[in-house]
Amino acid sequence: MSNSTTAAPTPAAARTFSSDNAAGASPEIVDAVVRAASGPASPYGSDGITAGVRGKLSEIFERDVDLLIVSTGSAANALSLAALTPPWGSVLCHRDSHINNDECGAPEFYTAGAKLVPLGGDDAKIDADELRAAVRNKAGDVHSVEPSVVSLTQATETGSVYSLDELRTLGSIVKEPGLRFHMDGARFAGAVAALGASPAELTWKAGVDLLSFGATKNGTMTAEAIVVFDRSLTAELGFRAKRAGQLASKMRFHAAQLDAYLTDDLWLRNATHANAMAARLQDGVKAIPEVDLLGAAEANILFCRLPQQVTEGLLADGYTFYHDRWEPGVVRFVTSFATTPQSIDDLLQDIRRHAG
Ligand SMILES: Cc1ncc(COP(=O)(O)O)c(C=O)c1O
């Protein structure tokens with residue numbers, strides 16, 4: 001076992017727990033981009049690699065899907081929501097959701113003014129009873145916004161995961177009055193890896209119309225996709241993506257990343273590893289009495305409460321992680337496909353050392 005008080009300093013990369021966005025890219029994905037660079041290809045998504053990605057996603061989701069490849073998760077979310085709600089509609093979401101807190105009003109902007117209505121629920125998951133009330137709240141009343149779309153995040157912003165039963169329940173609440181259903185899958189791979197359920201069961205079979213299929217946090221460089229289950233939305237999404245500056249001329253480079261991501265289950269292998277690293281951290285932290293675990297890390301995010309001297313000590317050691325953002329003492333550790341078991345063991349040892 002390494003002893004961080006005497007061993008050579010751990011490289012900074014191994015002390016990065018701030019975000020999976022800080023991780024690099026899988027070598028297979030970098031190689032695929034290099035391969036895609038030789039020779040010409042049709043632009044704007046009419047290349048063969050993009051067609052191949054659509055084929056792979058159709059296999060993975062067990063039905064013909066369309067896709068729009070975009071460069072950020074926020075674009076995937078905002079474009080999807082814009083296609084699912086009129087400007088006078090409301091987007092029902094969790095109060096801790098990324099669309100509600102971290103997208104600078106992009107959903108409101110892209111929807112031309114639809115209103116986000118935040119709902120509660122434990123572990124960043126939408127509470128079924130609150131949703132049941134909200135889907136009918138003032139429906140048809142011109143003085144209010146019209147409940148139009150429900151957006152949930154899978155895996156959630158706190159690292160929890162909706163079970164299949166929970167998704168089916170929420171899906172039926174969404175669909176019964178005829179609302180639309182969006183899933184922010186910035187960490188969808190982590191949810192699939194955690195649950196072992198099929199991607200189809202976790203999405204369209206539960207009523208999801210559009211999925212923001214995240215990839216950048218899990219191994220790609222700059223590529224995310226909107227997976228379109230309701231293909232009547234495809235043409236509109238195409239216009240919206242172009243208008244938003246999200247139709248890349250050299251789409252093949254985005255597509256090459258996704259193609260490699262979906263080949264030989266790289267997306268699931270990466271996510272399984274990231275989840276396992278968070279579980280390793282969780283198991284280690286459980287044995288440290290000075291640390292309180294907050295919620296369960298079902299995917300790759302772990303929240304806990306650390307004594308002040310531990311947080312300060314780790315920061316002084318060069319660790320990066322978010323802290324004191326939610327409540328004093330609360331910290332968030334995020335693992336990724338690039339996190340090594342050694343880096344988790346070193347972190348645990350340093351927590352123990354600072355806890356005294
Ligand atoms: C849950 C969730 N959704 C969407 C996004 C948006 O991704 P991007 O930063 O690529 O716009 C993030 C990014 O951290 C996220 O955590």
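Letter by letter, the sequence shown follows residues 1 to 356 in UniProt numbering. Idealized CB from N, CA, C, for every residue including glycine. If you're wondering where the values come from, they're calculated on a predicted model, not measured in any experiment.
CA-to-CA distance, residue j to residue i, given in whole angstroms
i: Pro118; j: Val150; result: 10 angstroms
i: Glu236; j: Ala193; result: 32 angstroms
i: Trp267; j: Lys138; result: 42 angstroms
i: Val135; j: Glu166; result: 17 angstroms
i: Leu233; j: Gly178; result: 16 angstroms
i: Gln309; j: Arg353; result: 10 angstroms
i: Val30; j: Ser74; result: 23 angstroms
i: Asn21; j: Gln154; result: 17 angstroms
i: Gln349; j: Met277; result: 15 angstroms
i: Arg168; j: Thr156; result: 16 angstroms
i: Phe188; j: Asp64; result: 19 angstroms
i: Gln298; j: Ala32; result: In the sequence on display, residue 298 carries Glu and not Gln. If you take the alpha carbons of Glu298 and Ala32, they lie about 31 angstroms apart.
i: Thr222; j: Ala355; result: 39 angstroms
i: Val142; j: Ala128; result: 26 angstroms
i: Arg252; j: Gly55; result: 15 angstroms
i: Ser160; j: Pro199; result: 17 angstroms
i: Asn3; j: Gly48; result: Unreliable positioning characterises Asn3 in this predicted model, as indicated by a pLDDT of 42, which lies under 50. The coordinate reading is nonetheless provided below. Going from the Cα of Asn3 to the Cα of Gly48 covers about 51 angstroms.
i: Ala186; j: Lys217; result: 7 angstroms
i: Phe61; j: Leu211; result: 11 angstroms
i: Ala51; j: Leu131; result: 37 angstroms
i: His273; j: Trp88; result: 42 angstroms
i: Leu68; j: Asn77; result: 12 angstroms
i: Trp204; j: Ser144; result: 29 angstroms
i: Leu302; j: Val331; result: 8 angstroms
Identified DSSP bridge partners for residue i
i: Glu146; result: Gly89
i: Gly185; result: Phe213
i: Lys115; result: Ser90
i: Thr153; result: Asp184
i: Thr16; result: Thr320
i: Asp292; result: Arg305
i: Phe333; result: Leu302
Where the beta strand (DSSP E) through residue i begins and ends
i: Glu103; result: Segment: none, Glu103 is in no beta strand (DSSP E) and carries neither H nor E.
i: Gly73; result: It is not in any beta strand (DSSP E) - Gly73 instead sits in the alpha helix (DSSP H) that spans 73-84.
i: Ile29; result: Taken as a continuous stretch (DSSP letters only), Ile29 belongs to no beta strand (DSSP E), being part of the alpha helix (DSSP H) at 27-36.
i: Phe239; result: That residue, Phe239, is in no beta strand (DSSP E); its alpha helix (DSSP H) goes 234-243.
i: Ile226; result: 224-228
i: Ile69; result: 66-70
Residue i beta carbon near ligand 1 (any heavy atom closer than 7 angstroms)
i: Gly219; result: no
i: Asp123; result: no
i: Gly295; result: no
i: Asn77; result: yes
i: residue 411; result: Shown here, the chain extends from 1 to 356; a query on residue 411 therefore has no answer.
i: Glu108; result: no
i: Asn21; result: yes
i: Gly73; result: yes
i: Asp96; result: no
i: Thr216; result: yes
i: Leu28; result: It should be pointed out that residue 28 corresponds to Glu in this sequence rather than to Leu. No - ligand 1 has no heavy atom lying nearer than 7 angstroms to the Cβ of Glu28.
i: Ala186; result: yes
i: Glu157; result: yes
i: Leu16; result: Reading off the sequence, residue 16 comes out as Thr, not Leu. Result no, Cβ not under 7 angstroms from ligand 1.
i: Thr311; result: no
i: Thr153; result: yes
Environment of residue i [buried if 16+ CB atoms lie within 10 Å]
i: Gly39; result: exposed
i: Arg35; result: exposed
i: Leu116; result: buried
i: Leu315; result: exposed
i: Thr5; result: Confidence at Thr5 is low in this model, with a pLDDT of 46, below 50, so the placement of that residue is unreliable and no value is reported for it.
i: Ser80; result: buried
i: Asp324; result: exposed
i: Lys286; result: exposed
i: Arg15; result: buried
i: Trp282; result: According to the sequence as given, residue 282 is Gln; it is not Trp. Buried, because 16 or more other Cβ atoms sit within 10 Å of the Cβ of Gln282.
i: Met1; result: With a pLDDT of only 32 at Met1, under the threshold of 50, the placement of this residue in the model should not be trusted, and no figure is reported.
i: Pro107; result: buried
i: Ala23; result: buried
i: Asp209; result: buried
i: Arg243; result: exposed
i: Asp122; result: exposed
i: Pro341; result: exposed
i: Cys104; result: exposed
i: Glu176; result: exposed
i: Gly190; result: buried
i: Ala82; result: buried
i: Pro147; result: buried
First through last residue of the alpha helix (DSSP H) which encompasses residue i
i: Lys56; result: 48-60
i: Lys175; result: 164-175
i: Val285; result: 266-286
i: Arg352; result: 341-355
i: Arg132; result: 128-134
Contact with chain C by residue i, beta-carbon distance below 8 angstroms
i: Ala112; result: Of the protein chains in the structure, only one exists, and it is not chain C.
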